[in-house]
Structure formats: structure tokens, C-alpha cells
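Take the sequence shown: its position 88, counting from 1, is numbered 104 in our numbering, and each next residue is one higher. Here is the structure we will look at, set down as C-alpha cells.
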Amino acid sequence: MEEREHNVPHFLDLIRRSRRGKFKVYIGMIAGVGKTYRMLQEAHEMMDNGIDVQIGYVETHGRAGTEAQLEGLPVVPRKKIFYKGKELEEMDLETILQLHPELVVVDELAHTNVEGCRNKKRWQDVMELLDAGINVVSAINIQHIESLNDEVKEIAGIEVKERVPDSVLQEADEVVNIDLTAEELIARLKSGKIYRPEKIQTALHHFFKTENILQLRELALKEVAFRVEKKVESEVLPVVSQPARRERILACISSNEHTPRHIIRKAYRLASQRYLLNHFKLVTELGGDVLQVFSESITEAIIETCREKQITTICMGHPAFKMPQTIFQIGKYKKFLRALTEMKIDLIIIA
Numbered sequence: 017m018e019e020r021e022h023n024v025p026h027f028l029d030l031i032r033r034s035r036r037g038k039f040k041v042y043i044g045m046i047a048g049v050g051k052t053y054r055m056l057q058e059a060h061e062m063m064d065n066g067i068d069v070q071i072g073y074v075e076t077h078g079r080a081g082t083e084a085q086l087e088g089l090p091v092v093p094r095k096k097i098f099y100k101g102k103e104l105e106e107m108d109l110e111t112i113l114q115l116h117p118e119l120v121v122v123d124e125l126a127h128t129n130v131e132g133c134r135n136k137k138r139w140q141d142v143m144e145l146l147d148a149g150i151n152v153v154s155a156i157n158i159q160h161i162e163s164l165n166d167e168v169k170e171i172a173g174i175e176v177k178e179r180v181p182d183s184v185l186q187e188a189d190e191v192v193n194i195d196l197t198a199e200e201l202i203a204r205l206k207s208g209k210i211y212r213p214e215k216i217q218t219a220l221h222h223f224f225k226t227e228n229i230l231q232l233r234e235l236a237l238k239e240v241a242f243r244v245e246k247k248v249e250s251e252v253l254p255v256v257s258q259p260a261r262r263e264r265i266l267a268c269i270s271s272n273e274h275t276p277r278h279i280i281r282k283a284y285r286l287a288s289q290r291y292l293l294n295h296f297k298l299v300t301e302l303g304g305d306v307l308q309v310f311s312e313s314i315t316e317a318i319i320e321t322c323r324e325k326q327i328t329t330i331c332m333g334h335p336a337f338k339m340p341q342t343i344f345q346i347g348k349y350k351k352f353l354r355a356l357t358e359m360k361i362d363l364i365i366i367a
């Protein structure tokens, strides 16, 4: 678990320094590491420090330890919504806004709200709370982060549908990793602290395989380090007397259905920062800029854009050489590579 000095005292200080709500996100590598438990533990500590706390939405998944942590905390009743003949429950955003507590705990940041709610996604609810000056503590698993979608799919063999744009995490004032070793997590699973007994064996043979856990853990650790680095760049480096070289990355995509999404996500990770229109939408969701350049030569257009925008790294797909123009195309490509070398631009090819 994280050191105490990185939690309550520091977050208390953040709360008192700004009118806009402060945003803290707990990140976990996988379900069951203890994100919700830690949020509720922090809620108790905040109350002990005189902070007006409300539990906006928490999902205990029937875990005894988590449910015990809810005792003594004020919980905003969930809003009941009838959808397709069923009564469902969602976070009552309107009531929280009216109560206007100093701090609200909102679990499962990637959740999709049922039709009839004010916003489509829970992270949009959180943005409203922050804009209203309410401080928010929330949680997310690594597989729900948009730019990591491809890597998670490669590790676990599944594509997670509920995803949160990286721009949401960029809003966070604090990002904290809840970490366990693979052995500790599997022990928790086998002891029934994560899933009901009938689900344990299935989990062990699928998402909770040791090799999956180790790779997801690495992703989570890197993600939190990445967020800390971005915070240093935005808050510390600007006050340093010697200017630092700023990275600018150009993602080169086409109207191909699949490859551009991998390129965009890869470029985003490097910069930290359906088809062509959907790819443009993904760029903007990740905080990037879309440039539309018209030219008879793709390579010359890329080179000119690099000069104008002071690009340091290019991400692009593997070039496809077709007959009968193969020799001519290879010649143009070699010329393109020479130009990049002269400008000291790194080239990353995504297969």
C-alpha cells in the first residue's frame, strides 16, 4: 500500500487551496486489489479531520471488509430508474450537487449510466461535481484507460468496452496506485475476498492468471509513474530556469479501419499527452490536435509538417510497397528517412 504521507494530509492541503474541486484517482491493476476499501478508509480519515463527506456511489461487490468500512459514513441514496421493464439504480448526481459536500466518493469511474441519466458516463458526472467545486475521490482499473486498450487486449485477450478518456485522468490532482503482488492477489481470490466461491476457479484460469496479473501490474505502475511525470512537467519544469526540450509527436494515419487506432494510442503514450472521422474523434478525446494537410506527396507533407510543428517523434504504420511502382516507392521512402535523420526525428513503425 502507498505511504500515508502521500494520502490524507497532502490531499487535505489540496482541498483547501482551490475553489474548483480537487480530483484524486486510485488506480488498480485488476479487481480486488482494495481500491474501494481504501477510498472508504480515506473517507473516515477525512471526516475525522472535520471534512463534510458523502458517499456518492460505492460498489462493495458483497465483500465483507468493504461493507464494514461503509459503517458510519453518510451515503447518498441511489436514484431508481426504470429501464426496459427493470428497476435499476444509479448515482444521484442532482442530490449530490444540492447537498454540495466538501468531498464525495464516487466508485467505478468507467461506468456507463443507464438511459435517462443526466450524463452518459460516470466520469462525466465527476466532471460536473468538480466544476461545482466539490472534491472527488474515485477509482478505476487499468484496463479501462483508453490509451491502454490495445495493450490490455494483447495481455488478457479481451477488449474492454467501458473506457475512460485519458483527458479525464489528466484532470486528476493526485493519481495513486493500489498495489499487490500476484501472490497476494491470488491468495485474496482463493480466500473468497474478491469473488463468490463459484466464480473463483473460472477467474484463476482466465483474467487472474499469474502472467496476466504481472503484466497488468507493470502497466499500472507505469501509468501512475507516467501521470506523476506529466504533473512534474506541468507544475515543476515551468519554474526551472533552464528550459527543457519539449517532446512533440506526429501520428501519421490513413483511412484504414484498424491500424490508425493503434498508432494514435501509441503516439499518445509517447507524447503523454469505423474509419477516418472516428479516428479524429479518438485523437481529440486523448487531447491531441488533428491536422488535415493536402499534398500530392505524403512524405513531403509529413516532412514539412515536422518542420512547422517542431516534431521530435513520428508514429506511423508499416509502409506498403505495391507493384509495379515498388522501386520508385522505396526510393521515395529512403529519401524520407534521410530527411528525418537530418532533422533528428525519431521514427516508430507500428506493425
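Where a beta carbon is used, it is the ideal one built from N, C-alpha and C, also for glycine.
In the assembly as shown, Gln70 is a buried residue. Its beta-carbon has 16 or more other beta-carbons within 10 Å.
Per the coordinates, the alpha-carbon of Val91 lies some 12 Å from the alpha-carbon of Asp68. Scanning Glu75, Met63, Asn272, Glu200 for the CA closest to the CA of Pro25 turns up Met63.
Beta bridge pairing from DSSP links Glu239 with no other residue. Within the same chain, Leu56, Ile71, Val74, Thr76 come within 8 Å of Leu86 by CB-CB distance, once the 5 residues on both sides are set aside.
Ranked by how close their Cα comes to the Cα of Asp182, the residues Leu302, Val168, Gly81 have Leu302 in first place. Only exposed fits Val309, as fewer than 16 other CB atoms lie within 10 angstroms of its CB.
Around the beta carbon of Val240, 16 or more other beta carbons lie within 10 angstroms, which makes this residue buried. For Ile158, the closest alpha carbon among the candidates Glu187, Ile150, Lys169, Ala148 is that of Lys169.
Distances from the CA of Ala148 to each of Ile330, Glu175, Leu109 were compared; the closest alpha carbon is that of Leu109.
Secondary structure at Leu220: helix, using DSSP grouped into helix, strand and coil.
According to DSSP, residue pairing for Cys268 in a beta bridge involves Met332. Per DSSP, Val142 is not a residue of any beta strand (DSSP E); the alpha helix (DSSP H) it occupies stretches across 138 to 147.
Under DSSP, Ala155 shares a beta bridge with Tyr42. If you compare the alpha carbons of Val142, Arg277, Phe98, His278 with that of Val121, the shortest gap goes to Val142.
No Cβ-Cβ contact shorter than 8 Å links Arg179 with Asn193.
Collapsing the DSSP output to three states places Val192 in a strand.
Nearest to Val299 by C-alpha distance, out of Ile330, Arg204, Ala267, Asn272, is Ala267. Non-local beta-carbon contacts of Arg323 in its own chain, meaning distances under 8 Å to residues more than five positions away in sequence, involve Met359 in chain order. Here Asn228 has Ile171, Ala172 as same chain residues with Cβ atoms under 7 Å from its own Cβ, once five neighbours each way along the sequence are excluded.
The beta carbon of Gln231 sits closer than 6 Å to those of Ile171, all from its chain and outside the five residues before and after it, given in chain order. Across the structure, Gly81 and Lys209 are spaced so that their CA atoms are roughly 8 Å apart.
Of the residues Asp189, Ser163, Glu190, His222, the one whose Cα lies closest to the Cα of Leu205 is His222. Check the Cα spacing between Val244 and each of Arg36, Ile43, Glu199: the tightest is with Ile43. In the structure shown, Gly72 falls within a strand segment according to DSSP collapsed to helix, strand and coil.
Between Phe27 and Glu187, the beta carbon gap of about 15 Å keeps them out of contact (Cβ cut-off 8 Å).
When the five nearest sequence neighbours on each side are left out, the beta carbons in the same chain lying within less than 7 Å of the beta carbon of Lys96 are those of Glu103, Glu105, in order along the chain. Around the beta carbon of Leu119, 16 or more other beta carbons sit within 10 angstroms, so the residue counts as buried.
Secondary structure at Lys102: strand, using DSSP grouped into helix, strand and coil. The Cβ atoms of Arg54 and Ser163 lie no closer than 8 Å to each other. Annotated three-state conformation of Thr197 is coil, per DSSP. The residues Leu146, Asp147, Gly149, in chain order, have a CB closer than 8 Å to that of Arg36 in the same chain once the five nearest residues on each side in sequence are set aside. If the five residues before and after Thr275 are omitted, its C-beta is found closer than 8 Å to the C-beta atoms of Ile269, Gly333, Ile366, all from its own chain and listed in chain order. In this structure, Ala155 lies near Thr52, with their beta-carbon atoms less than 8 Å apart.
Cβ-Cβ separation between Ile279 and Thr328: approximately 16 Å, too far for a contact (criterion under 8 Å).
By the C-beta density criterion, Asp123 is buried, having at least 16 other C-beta atoms within 10 angstroms.
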